[in-house]
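According to the numbering used here, the sequence shown is numbered sequentially starting from 209.
Beta carbons: idealized from backbone N, C-alpha and C, even for Gly.
Since the structure is predicted, the reported quantities are computational estimates derived from the model, not experimental observations.
The structure appears right after this line, and notes come after that.
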Amino acid sequence: MLPDTNTIDPQLRDGVDTPPLTAQPPLVLPTRTHDGTETGVDGEDGERQEGSEKRQKLNLWKCKQCREARKKVQYCFDLRLICELLSPVQLAKFEAWTVYLAKCYPTDRVWPAKCDRCLLHRPHPLECSEPELNNRKRGPNQPKDKEKEKQKETEKAKTPQPPTRSMTGIASTSEKETPTTSRASSDDDSDTMTSAAKFERPQRTPLVLPKSLKREHPGSSSVVEIPKPVVNKEDIRPASCYPPLQEGQFRILQLAPGRPEDPISGSFVVAFMDPDREIKYEVISYLWGLPNQKAEKINLVDPQGKSHPIYIRSHLYQALKNLRHPEKVRSFWVDALCINYGSGNQIEKNSMAAMKRYIFHTAQNLCFWLGEDEDSKRALKFIPRIMEFTAVDNLASNESTIDDWAAFGALLGNPVFSRLMLVQEVAVAQNVTLHCGQPAIYYGDLVDAVSMFKCYRNQISLMFRRSGRNHKVLSNRTVTRAERFIEVSVNALRIIRTADGELKAHRRLSLEALVSYLTDLSATDPLDRIYSMLAIAKDGPKLDERTLFMSLPKNDRDAIHPDYDANVVDVYQNFVIRAIKSSDSLDMICRLWASPVSEALPTWIHPLQRYRQPKFDDFISERTEADSLVGLPDYNNYHASRGTTPTYQIKSQSSFANNRSKILCVNGIRVDTIARLGPRASEGIILYEWLQLGGCVRTGANYTVPEAFWRTLVADRGPNGTMPPSWYARVFDYCLLHLTDIGDINTNRIIHEHEKDSSLVVSFLERVQSVIWNRKLLVSEKNRWLGLVPMATLETDIICILYGCSVPVVLRQVKTEEGVPYFQLVGECYVHGIMDGEIIDAANEYAEQEFDLK
């Protein structure tokens, strides 16, 4: 069966030409001779020239599973995804083309950028070394040991090789093989390939690497320039400049005065968590930047007066250069400098993570560094004009202010507002100023300006459209992300005065709510997805009663404490289990919230997926996935389990020595099976196949539309969780009059055409997009229900109501190698007719069942 083009994983479609949807003949691998010629595949010379550019892109965009397994993996077959490896010629030539000059094979970027394996390595990130030749048998970032390699090859040659499995005519290695094993085994003259035609890798002549290496791809006249990587010099810190710390101590950087052209210099002093020994200082919050950015040199002076050069990233360098006083010493706490990350000692990092709450609260001021972007500078100058309340109406309608509003939108799109760690820093600080070059304003002014901007957004957008300007700069994903950043930083804490006159911090949001609400923000360390919210979460570590923001929490056995030596899978599992216990709800297992990690996560923890959508339409949206059906904690949109409490227990997978994932055993009701599925709604387009499955019947020039179908398209809710207005049905009938040539409803195009004349059409279709984006339409087997399911859903998956979960879920029953059955959680779903407890009311018609999720 040929895969459906609408089920193609977006990651495999972005920037890569997909093979034609034609039946592929059984694969016969060509024989590659030592002179580089190939035989055994008909018409291969023509394919070589025609597919050279495809092969050039193949290694850069191949999904991780296929690249490591050297084949189309079972996951792709299960989802019927089109993979470039379906082309036999490309498969045959892939090994010969693979870049042997890089030690790492990153998932989504090309050397010299660090891959996640390097960045997430514990106890500290690994350094990327310069490329070396002939290292294809070595694992990523592992030291070269020729003797061990030879010993392994000798042992492997003596060991009989098991027969390999083949799938759809493609010879493959075992799925359990690691990438290192795959690379090594491909060089051996073994029986691992079932095809009669084997090929040998062409011999490569050792080369002397120049400073700037150029590589020419086979069959291509283009030359790819590979820049020399930048060494992470910021990891090297002179120990003599860092005074040792005792409990309750932290370092303060005393920044020497200087003119803009003078080199930056400073030294450390030790501060104490003692009101009688306080040192006046400020803190700097900024965007760290990528590890491979250009490093800038500054000087640190040790207690003996000797100067030591160290290297910092460019964002911090520009901040120090602009914030230092021309004549006086200025004291700062800067995490990248005051914490000795170069020592490799996680004890100091863990203790400083717990002390940050105290450090940021007792600082005189927090300097929030925005960079030196010209749009941000213009926006900071425009914000005082927005503060003039009587003039805002004029600013929102006067076309002379369009460039100022565009700069304001660019300010909200500043990457600094995308950092999760900075939220707690701003939230606990007593005073915050924004800096962009020399201009500076109070953070409170930005908060008020954003609040007024949201009130006037529609009016300003209309002014942009009338002037032919792109109004999406006022409401794109980066702007809404900044609005969430500002909202949480302002409202997460409330300082109240008790009856005896003492100040007390009231933390208003749970850890589950913070993690769920700020999924658009990013964290370099996956552990910071949890740890960066502990300071402002109401169920975070308890505070010491002696001070408002004491750094050392009480012994709270239930609370999560920062530990950067902990395994990320263990931390994520403990967080979900704790969220279930504290909220009496299973909704957390349906949310996309976790940072992608190299280790396997249980299916009841959903990692965030940033799909790379192909831009096939001029009116493309920035949306990447549909909105969650479960909503935020304490604000349920549905009540499928009708307020039942979750029944659950945790089991360890003791039979798997290297598997840290736990089994979540939950109780619920199996209500139906999925019989038919429509294609994935890429870009929120209502497909022709959906109209057929939904029962839409054309009678003359009009359509008869079942009520269940249009209600399913909006998940039977309005934009804010209210009941859908009745005019939704009329607008959908109108949209049916604007079908494309192939019978689809292109929601993006209709929105673009009606932005100026019909807000009702735009409102309805934006709601539809938020619900169906990248989901599939289902028809159930027994009850013929309509619904929406995740794009990974397969026919024969089951629909279940789990006790304590506000929406139905899709489960897939599988078996272990020993034949023991268990379930995988595919995700949340909408099923029309069972979203408000109808199944619980008829529970006597269904049998309760226990589901082992892993």
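Return helix, strand or coil for residue i, following the three-state DSSP convention.
i	result
PRO483	helix
SER860	strand
PRO451	coil
THR907	strand
ASP880	strand
ASN699	helix
GLU504	strand
GLN1032	strand
ARG1038	First, the residue type needs correcting, since residue 1038 is Tyr and not Arg in the sequence shown. In the structure shown, TYR1038 sits in a strand (DSSP, three-state: E or B).
GLY995	strand
THR852	coil
PRO592	helix
GLN817	coil
VAL805	coil
LYS436	Confidence in LYS436 is poor, its pLDDT being 40 and thus under 50, which makes the residue's placement too unreliable to answer from.
ILE768	coil
SER675	coil
LEU885	strand
ALA527	helix
VAL987	strand
ALA1055	coil
ALA745	strand
THR920	helix
MET931	coil
THR686	helix
Terminal residues of the continuous alpha helix (DSSP H) containing residue i?
i	result
TRP613	610 to 620
CYS1013	Here CYS1013 belongs to no alpha helix (DSSP H), and DSSP marks it neither H nor E.
VAL939	936 to 943
TRP898	896 to 901
VAL1049	Note that residue 1049 is Asp in the sequence shown, not Val. Run containing ASP1049: 1046 to 1049, per the alpha helix (DSSP H) assignment.
THR955	955 to 962
LYS564	554 to 570
ILE788	776 to 791
LEU603	600 to 605
Quick check on this structure: which residue in the options has the alpha carbon closest to the alpha carbon of residue i?
i	options	result
LEU682	TYR450, ALA637, ILE668	ILE668
GLU1003	ARG878, GLY1012, VAL987, PRO1016	VAL987
LEU837	ARG715, GLN457, ASP795, TYR489	ASP795
TRP577	THR598, LEU531, ARG485	LEU531
ASP612	GLU582, VAL624, ARG627	GLU582
HIS769	ILE788, ILE785, LYS789, SER740	SER740
TRP541	TYR494, CYS943, GLY579	TYR494
ALA857	ASP880, VAL784, LEU800, SER849	Note that residue 857 is Gln in the sequence shown, not Ala. Ranking ASP880, VAL784, LEU800, SER849 by Cα distance to GLN857 puts VAL784 first.
TYR525	GLY474, THR570, LYS859, HIS1040	GLY474
LEU620	ILE1047, LEU642, ILE871, ASN606	LEU642
SER522	GLU580, GLU486, SER539, VAL477	GLU580
GLY466	LEU528, THR912, ILE813, ARG878	LEU528
THR920	ILE959, LEU729, VAL874, SER978	SER978
HIS533	ASP470, ILE518, MET481	ASP470
THR853	TYR519, PHE616, TYR1011	TYR1011
ASN1052	ASP835, TRP993, ARG878	ARG878
Starting from residue i, follow its DSSP beta bridges and name the residues at the other end.
i	result
ASP1060	CYS873
ILE649	LEU642
TRP981	The partner list for TRP981 (beta bridge, DSSP) is empty, contrary to what the question assumes.
CYS575	ILE492, THR641
THR714	Checking the sequence shown, residue 714 turns out to be His, not Thr. Its beta-bridge partners are ARG702.
SER730	ARG627
GLY474	LEU463, LEU508
Give the range of the beta strand (DSSP E) segment to which residue i is assigned.
i	result
TYR519	515 to 521
CYS546	Careful: CYS546 lies outside any beta strand (DSSP E), inside the alpha helix (DSSP H) at 543 to 546.
ARG1064	Residue numbering for the chain in the displayed model covers 209 to 1062; residue 1064 lies beyond these limits and cannot be assessed.
VAL537	From DSSP, VAL537 is part of no beta strand (DSSP E); its letter is neither H nor E.
LYS1023	1017 to 1023
Spell out whether any CB of chain C is found under 8 Å from the CB atom of residue i.
i	result
GLN462	Any reference to chain C falls outside this structure, which holds one protein chain only.
* Can at least three beta-carbon pairs, one atom from the stretch 891 to 900 and one from the stretch 1024 to 1036, be found at a separation below 8 Å? -> no
Taking three-plus beta-carbon pairs below 8 Å as touching, is the stretch 942 to 957 in contact with the stretch 921 to 932?
no
Next on the checklist: Using a Cβ distance threshold of 8 Å, determine whether the stretch 649 to 658 contacts the stretch 706 to 714, with at least three qualifying pairs required.
Outcome noted: no
(message) Below 8 Å, how does it come out for the stretch 838 to 848 and the stretch 716 to 727: are there three or more Cβ pairs, yes or no?
(response) yes
message: Pairs of beta-carbons, one from the stretch 679 to 698 and one from the stretch 628 to 635, closer than 8 Å: are there three or more?
response: yes
*asked:* Counting beta carbon pairs with one atom in the stretch 774 to 788 and one in the stretch 796 to 806, are three or more of them shorter than 8 Å?
replied: yes
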